[in-house]
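Structure first, then comments.
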Amino acid sequence: MNLFLGVIASASAAFVATNIDDIIILMLFFAQVNQNFRKRHIIIGQYLGFTALIIASLPGFFGGLIIEPSLVGLLGFIPIAVGIYQLIKGDHDDDEIQAVNTVDFDQTNTVFANLLVPQTYNVAAVALANGGDSISTYIPLFASSNIWQLLMTLVVFYILIAVWCYLGYFFTRHSGVTHIFSKYGSIVAPIVLIGLGIYILADSGSFELFKSIFS
191 MNLFLGVIAS ASAAFVATNI DDIIILMLFF AQVNQNFRKR HIIIGQYLGF TALIIASLPG
251 FFGGLIIEPS LVGLLGFIPI AVGIYQLIKG DHDDDEIQAV NTVDFDQTNT VFANLLVPQT
311 YNVAAVALAN GGDSISTYIP LFASSNIWQL LMTLVVFYIL IAVWCYLGYF FTRHSGVTHI
371 FSKYGSIVAP IVLIGLGIYI LADSGSFELF KSIFS
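Read in the working numbering, the sequence shown has 195 at position 5, and its numbers run on one by one without any break.
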């Protein structure tokens, strides 16, 4: 049970840390909803973009099958480094927000209006571009997982995408919440990333590797 809860906790932490800014972008998308750009385009596009990120991160899992777990766990230094970098640099994602505002939502009358339309792929492209740095977090997380842990992690991820879409839509009607995310998101996300990296190092036995080296 503790292992099960640990997988859920680490998956949730990884998702939240790498997708806090996505809520702002989703809010901007939902604010543009009209007769040509529907909520379903945003939701489907978000899932498509995130799935592309998952596929790009899967090599970490397959590498973890053939490499000693304690060595794979050293990848935990990646989210730690990313978190420290974000704390030092600060990241407000202005470029991604500008990209959202310049997306061209043309009208379409195709039969596959829910999926095969520019609106959906524009959202997917923004989700993919904005989440590119997530790969550096997902690769070590997947590498330290066995098959059932990976599947559980993906289930958590895809459930949280739905939650994120709902929050993005909900917050379009509560502008005060937007200010909180804008002000504190760049601080919370790096701290969570650092904590996730430490968890990966501890869970994979990498700390024991250090002890054996220096003892």
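The beta carbon of each residue, even a glycine, is placed where N, CA and C say it ideally should be. These numbers come from a predicted model, not from an experiment.
The alpha-carbon of D211 is positioned some 18 Å away from that of L238. Under the 8 Å Cβ criterion, the region 385-397 does not count as touching the region 219-232, having fewer than three qualifying pairs. When C-alpha distances from I325 are compared across A392, F361, C355 and I244, the shortest belongs to I244. Pairwise C-beta distances place the region 348-355 out of contact with the region 263-278, as fewer than three of them are shorter than 8 Å.
Cβ-Cβ separation between M342 and A203: approximately 14 Å, too far for a contact (criterion under 8 Å). T327 is not a Cβ neighbour of H231, given a cutoff of 7 Å.
In this structure, the beta-carbon distance from I390 to G250 does not fall below 7 Å. Taken atom to atom, the span from the alpha-carbon of N320 to that of L383 is near 16 Å.
Cβ-Cβ separation between Y348 and K229: approximately 18 Å, too far for a contact (criterion under 8 Å).
Nearest C-alpha to F332 among N192, S402, G387 and I381: G387. L193 is classed as exposed because its beta carbon has fewer than 16 other beta carbons within 10 Å across all chains shown.
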